[in-house]
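Since the structure comes first, as structure tokens, the remarks are kept for the end.
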Amino acid sequence: MKKTNAENVGSYGIANIILATYVLMGRWKMTKEPKDLGIKIGTKSQVLWTNVLKESEMLIQQSKDNLEIQEEMRKLAKSKIKKEKQKLK
3 MKKTNAENVG SYGIANIILA TYVLMGRWKM TKEPKDLGIK IGTKSQVLWT NVLKESEMLI
63 QQSKDNLEIQ EEMRKLAKSK IKKEKQKLK
């Protein structure tokens with residue numbers, strides 16, 4: 003018997019929800035991130051540093067994505083400049 007989408011999600015656990023994030027140039031990146039249920043386990047210090055770690059990882063990934071975008075824009079600009087120079091010759 004074929005499972006429904008709800009049963010498939012339930013079988014992997016509520017905390018493992020698949021999110022689709024548009025990354026670069028029309029490509030899709032699939033990531034699995036646990037759903038934040040707002041439950042804090044551990045000491046206040048552990049919770050704080052866990053949140054700092056998650057935030058820093060997210061910012062590092064954003065920086066990598068931005069760097070890749072800028073490199074592609076740089077390549078595009080160079081190719082456009084080259085085409086314009088060829089038109090002038």
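Residue 3 is where the sequence shown starts when you use the working numbering, and the numbers rise one by one after that. The C-beta atom is built at its ideal place from N, Cα and C for all residues, glycine as well. Note that the structure is a prediction, hence the values are computed from the model and not measured.
A straight-line Cα-Cα distance of about 15 Å links Gln64 and Glu74. Rounded to whole angstroms, the Cβ separation of Val49 and Lys56 is 11 Å, and the two are not in contact under 8 Å.
If you draw a straight line from the Cα of Lys82 to the Cα of Arg76, it is about 10 Å long. Per DSSP, Ile83 is one residue of the alpha helix (DSSP H) stretching across 46-90. Here the alpha carbon of Met60 sits roughly 11 Å from the alpha carbon of Asn53.
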